[in-house]
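Here's the structure, in structure tokens; my notes come after.
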Amino acid sequence: MDRRFFLQALTMLGGSYATAAIAGLAGSSQAAAKPLAIGPSIDELPSDLFSEQERKDLSAMAEVIIPRTESPGAIDAGVPKFIEYMVQNWLSEAEQQIFLEGFRAIQKYCLADFSKSFSALHPNQQLDILEDLEDKASDSPWYDFANVQRQYIEDAPFICQLKELTIFGFYSSEVGAKQVLRHDPMPMQFDGEYALGEEDSSWSMIRTM
Amino acid sequence: MQENNKKYDAIVIGSGISGGWAAKELCEKGLKVLVLERGRDIQHGVDYLGEHAPPWKIPFANKADRKRNVDDYPIQSQCYAFDAATKAFFTKDSEAPYQQDENKPYHWIRANGVGGRSLIWGRQTYRWSEFDFKANVEDGHGCEWPIGYDDLKDWYSYVEKFVGISGAKEGLPELPDSEFLPAMDMYTLEKTIKGRLDKYMPEVTMTMGRTAILTENLNGRAACHYCGPCPRGCSTGSYFSSQSSTLPAARATGNLELRSNSVVEKLIYDSNSNRVTAVQIIDANSKERLSFSADLIFLCASTLASTQILLNSKSQQFPNGLANSSGTLGRYLMDHFKMQHVAVFADNLDHYYKGFRPTGTYIPRFKNLPGKEQTDYLRGFGLQADPVRPDWRFHFNQKGFGKSLKDNLRKPAPYWVWVLGAFGECLPNANNRVELDESKHDEFGIPQIKVSMSFGANEHRMSKDIIKSSEKIFKAAGAVYIETTDTLSVPGSAIHEMGTARMGKDPKTSVLNAWNQSHDVPNLFVTDGACMASSSCVNPSLTYMAFTARACDYAVSQWQQGKI
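Residue numbers (my numbering), protein chains in the order written: chain C, 16 to 224; chain X, 671 to 1234.
Right, here's the structure in full:
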């Protein structure tokens, strides 16, 4: 475990980990570059990696991780589409293989043991399956205090990949930002003594230097 | 080669912080000015593509685009300001190669484009002190500065009133006060820490970061709206950049012509008149060579790029680079070394913040000064301090599922982190240098630079005291957990590179005189970081601005008197 790295990373928040293309988003030239603010949202980008059945199962898994409660959950926030896009376009080939193998192993297991797809199982059964996966993965460096997103753990097991993509997709989404976190993009002031109540959420955005 | 018949009074090379100032000053004095910028045009506001994009619009939810970064931005992507929403301002390493000494990595952070690094800079603005200008002559490292603090004092005031700097007066001779707009507020945690430091470490001053960000409207620029990520660009002009400030002022005179995509290859020197008579460029799009003429030449291309141009401007008189009769051109490269230490605090957990304050606090140098602790190393360091309340981005990898996980991730962490970032002064050393590598060329056929730099024994001795001092400050401040590192930053990565065409009294040992004017060639001025003869420990941009305004004033008066 590398606490030092975790803490160091705080100092770089919003820095080198956070990156993707502007002009390169659609492989386009600079002339075609548009402001990100009027571009597609992260849950609107198309991908064609999964079948309809796989999408149902993936959605059910994301919903186990971040369920709808008194506030919206992963499906409400468009997280499954984000995950599919990230698996297809962001994970390296080796990481994508880990994801697909892990994902298909669950599907196979559900059909063999329950004669049902994952999405058709009772929520408690779904939770048991994912908890079991987490138990088996619990010694992965992914769980280390030091694991911030700047250094993606390349050999993280499927369950860790799934949680990471679900959480990033959810708390970065418009639904997550506005209905679960607090979204205040144009504060017009700085108040350093602003109170924090016990039930108050974080801001959706962070300062970057 | 195509010669441009139009003759300008002055040509400014570079449009960043120094070039923008040169353009403004020269245009306002009535000169017809051509600014040459090697990168693309970047229009204020219009081309700030990442500005105000909410989290759900940032590609890959702002996770690093690892493959593209490795391919195109292996160095730039390590800059703290580089991310999905700012990368369009950065130069692709793959398209602008340079050479490093095999055993001495050097990070050259670049933003070729109109405005240069003024769009992505850290906006920290501190005056140098009288002690900084005296350091070389007192301890014998580097050459004596040809000017002192008093020569620059009024020029600091002059540029500060235009830039707009928020900050608090402290009355410290080691960190002279600027002309300030009101300082930003401190976090409750910072007030707690400051109170404890006042009590337990009275030798330390903790002040609001002095920042080129407006807290009140100024000259048509709006006060900060606290949206957070400055390096994406600011269409309200709340932070100082060439786009928001100096270039519009230059343009308003009607005397400015700005030519982007103009890569300066060399300066053409005429030995009969002992003047630079033309600037030879390559148009980055058409690849055609053009030359432009002017009476005055201001080289403001950034430390390494300005020196590259001089080294590549060879003639019979100057076989080792223009204005290099001293042989010191390219030598005495400096950059601050950076160290970062962090501590966890359990105070003021029921306090948060509203608005994203675009600066931290500052603890000025408090060692090796009159009346302060003397140490086993020379010169000193300053500390930039910053509070962070970690959110889900830092503990997304916890165990668990469902409602409790969702709720945990929703809330700020039950602790604060306070970060101390040190900048240590780097001694001038002849072996830290930039040269041309004649065997390697860029896409325009211009020889690449080769940088060779490492921090020396004094910097390493200082780094040990930085760790000790940071621990002492953390303890006095009330930290419950402290983590220090002994790593010094890779040279260049503080982005405070300076020197290589230093100012000095003696033409035999320096490139520029007290007016940033070449000792050898009177119509040539260099006013960016290349001119620096020592490095202080404070962020340097404000000093480049003051030097530039002062040099413009001198150059124009000489020119008007027919002396140049």
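Where is the CB? At the ideal position from N, CA and C, for every residue including glycine.
Within the stretch 701–744 of chain X, the complete beta strand (DSSP E) runs of at least 3 residues fall at 703–706. Listed in chain order, the positions of the stretch 120–138 of chain C with a beta carbon within less than 7 Å of a beta carbon of chain X would be empty, since no residue qualifies. DSSP lists X:L851 and X:T881 as the beta-bridge partner residues of X:S836. In this structure, X:A693 is the residue among X:L719, X:K676, X:I687 and X:A693 with its C-alpha nearest to the C-alpha of X:I967.
Residue pairing for X:A1083: DSSP places it in no beta bridge.
Looking at the DSSP output, X:H1111 sits in a beta bridge with X:P1117.
One alpha carbon belongs to X:P989, the other to X:E814, and they sit about 26 Å apart. Listed along chain X are R1080 and K1081, each with a C-beta nearer than 7 Å to that of C:S216.
In terms of Cα proximity to X:H1006, the closest of X:E772, X:M1202 and X:I745 is X:M1202.
Secondary-structure assignment with DSSP links X:E1043 through a beta bridge to X:K1037. Counting other Cβ atoms within 10 Å of its Cβ, X:R1131 stays below 16 and is therefore classed as exposed.
Annotation for X:F803: W815, G818 and Y819 place their beta carbon closer than 6 Å to its own, counting only its chain and skipping 5 residues before and after.
Using a C-beta cut-off of 8 Å, the stretch 676–687 of chain X makes no contact with the stretch 900–908 of chain X, since fewer than three inter-stretch Cβ pairs fall below that distance.
If you draw a straight line from the Cα of C:L145 to the Cα of C:I174, it is about 7 Å long. For X:H1011, the three-state secondary structure derived from DSSP is strand.
Partner residues in a beta bridge of X:K762, as assigned by DSSP, do not exist. For C:L64, the nearest beta carbon of chain X is not closer than 9 Å to its own beta carbon. In this structure the stretch 918–930 of chain X does not touch the stretch 730–749 of chain X; the number of beta carbon pairs closer than 8 Å is below three. With its beta carbon less than 9 Å from one in chain C, X:W1062 belongs to the interface. As a beta-bridge residue in DSSP terms, X:Y1151 pairs with X:V1014. Taking every protein chain shown into account, the CB of X:E860 has 16 or more other CB atoms within 10 angstroms, so this residue is buried.
Judged by their CB atoms, X:T862 and X:G1148 are nearer to each other than the 9 Å cut-off. X:A1146 is a Cβ neighbour of X:M871, given a cutoff of 9 Å. Contact check for X:A1083 and X:P1117: beta-carbon distance about 51 Å, past the 8 Å limit, so the pair fails to qualify. Sequence-distant Cβ neighbours of X:R1001 in its own chain, meaning closer than 6 Å and more than five residues away, are A1100 and R1103. For X:K936, the enclosing beta strand (DSSP E) has its first and last residue at S932 to D940. When secondary structure is reduced to three states using DSSP, X:Y678 falls in the strand class. In the DSSP assignment, X:V946 falls within the beta strand (DSSP E) that extends over R945 to D953. Taking C-alpha positions only, X:M876 is separated from X:I1033 by approximately 5 Å. Using a CB distance below 8 Å, the part of the stretch 850–866 of chain X facing chain C consists of M854, D855, M856, Y857, T858, E860 and K861, ordered along the chain. For X:P1210, no Cβ of chain C is located within less than 9 Å of the residue's own Cβ.
Within a 10 Å sphere around the beta-carbon of X:K1008 sit 16 or more other beta-carbons, which makes this residue buried. Residue environment analysis places X:Q1187 among the buried positions, since at least 16 neighbouring C-beta atoms fall within 10 angstroms of its C-beta. Around the C-beta of X:T1157, fewer than 16 other C-beta atoms lie within 10 Å, and the residue is accordingly described as exposed. When the five nearest sequence neighbours on each side are left out, the beta carbons in the same chain lying within less than 6 Å of the beta carbon of X:E695 are those of A1219 and C1222, in order along the chain.
Below the 8 Å Cβ cutoff, chain X contributes F1071 and G1072 as neighbours of C:V79, in chain order.
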